[in-house]
Amino acid sequence: MRNLNQTLSKLLICISACYFNTAWAGPADYVYTPLVEQGEKEIDFKFGTAKGQDDTRKTVYSLGLGYGVSEYWFTEVYLKREREGSEGLTIGEWENKFQLTETGKYAVDVGLITEIEAPLSNSKEPWEFKVGPLFQTEFGKLQLNGNVLFERTFGGDNV
Numbered sequence: 013m014r015n016l017n018q019t020l021s022k023l024l025i026c027i028s029a030c031y032f033n034t035a036w037a038g039p040a041d042y043v044y045t046p047l048v049e050q051g052e053k054e055i056d057f058k059f060g061t062a063k064g065q066d067d068t069r070k071t072v073y074s075l076g077l078g079y080g081v082s083e084y085w086f087t088e089v090y091l092k093r094e095r096e097g098s099e100g101l102t103i104g105e106w107e108n109k110f111q112l113t114e115t116g117k118y119a120v121d122v123g124l125i126t127e128i129e130a131p132l133s134n135s136k137e138p139w140e141f142k143v144g145p146l147f148q149t150e151f152g153k154l155q156l157n158g159n160v161l162f163e164r165t166f167g168g169d170n171v
């Protein structure tokens, strides 16, 4: 019965992944995994660039330092730089990832991500808060990840 439940759960995830095929991502966005390792130390560098429909290029790069505080909590701080056209913005970010299920115990590993961004170079820009569940499952050598992230901006002049 447990194998049937696992198979049905994985099938439901695959069907959902095919149905919800639209994703909106920025130049330096990435897919989160729900797994956390206690004591892990991380230096993280991300870079991305993309040209929008109005031919304006947006470039983002970030440098982060992270640490696995416990077997269920990983925290990371970032310094980010965004440039769109001739305008630039420096941002500080604090990210926390929580592993909610034991790795491999269930058909799907589940986690939660929280992230807050604060503008450092321009107080007129809004703050940003992001939160959402993280999912991961495996079929043999194939790994599927899903992030359902909700984002809200507040403060600044661009409300």
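Residue numbers (the numbering used here): 13 to 171.
Every residue, glycine too, gets a C-beta built ideally from N, C-alpha and C.
None of these values were measured; they are calculated from a predicted model.
Note on geometry: alpha-carbon atoms of Ala130 and Val48 lie some 25 Å from one another. Proximity of the region 91-104 to the region 64-75 meets the contact definition, three or more beta-carbon pairs being nearer than 8 Å. For the 9 Å CB-CB criterion, Gly38 and Val72 form a contact. Taking the Cα of Ile128 as reference, the smallest distance to any Cα among Tyr118, Val122, Lys109 and Asp121 is reached at Lys109. When the beta-carbon positions are compared, Ser74 and Asp56 come within less than 9 Å of each other.
The three-state secondary structure of Thr68, taken from DSSP, is coil. Per DSSP, reduced to three states, the secondary structure at Thr113 is coil, with no helix or strand assignment.
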